[in-house]
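In mature numbering (1 follows the signal peptide of the UniProt record, and there is no 0), the protein residues as written are -29 to -1, 1 to 184.
Structure follows, in structure tokens:
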């Protein structure tokens, strides 16, 4: 009897393959290496207040952090005793390190965020001056309440803005100073020249800038 060796080898080869597949553990039995989850960066939105030690005393400083839709932060600086208000500050967050730079005053602050995200310990620095400073967190005031009113004298008007393209309407309370004159948005030691913002009804002379300290 003639035996077709090709067919036998094909038969046994297929038989051994079937046995190997049957003996193999299911795919679910293999444990794939897992990548540890990266913790989300804490939200820093709010007011960060500290005391800046300067020659002859100290100044209260207030940074306002607001996270934008693109992920970056808007930041401004207030120094009430020096009449500095809403000075623009560049802000960068790298892990637990916060970097702030106020170009107008050539000042910078670099600090480390605490584990509970309620405090930033760092160094304030500007030309010829460096000192430690601690910023403490406090939440932003709720301005959505209907009974929120700024301290007089202010003029208040109901304002409505319509976007025809988006078919949207925004309504709110417009609050402006009820006085005539020029208004100083901020002062800075980095700019010896006068810096003022003029209202359309301005009649009084501009105010001169003063240094942060």
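Ideal placement from N, C-alpha and C gives every residue a C-beta, glycine not left out.
Buried or exposed for residue 45, going by 16 or more other Cβ atoms inside 10 Å? Residue 45 is exposed by the Cβ-count criterion.
Best match in 107, 76, 28 for proximity to residue 83 [C-alpha to C-alpha]: 107
Name the DSSP beta bridge partners of residue 14, please? Its beta-bridge partners do not exist; DSSP assigns none.
Cross-strand partners of residue 128 (DSSP beta bridge): Residue pairing for residue 128: DSSP places it in a beta bridge opposite 145.
Let me confirm a value: residue 76 is counted as buried when at least 16 other C-beta atoms fall within 10 Å, else exposed. Which label applies? buried
By how many angstroms is the C-alpha of residue 111 removed from the C-alpha of residue 17? 5 angstroms
Beta strand (DSSP E) segments (min. 3 residues) lying fully within the segment 61 to 96: With a minimum length of 3 residues, the unbroken runs of beta strand (DSSP E) contained wholly in the segment 61 to 96 fall at 68 to 73, 78 to 84.
By DSSP's criteria, residue 38 is part of a beta bridge. Which residues make up the other side? 44
Kindly identify the DSSP beta-bridge partner or partners of residue 101. 96
Alpha carbon to alpha carbon, what distance is there between residue 130 and residue 68? 40 angstroms
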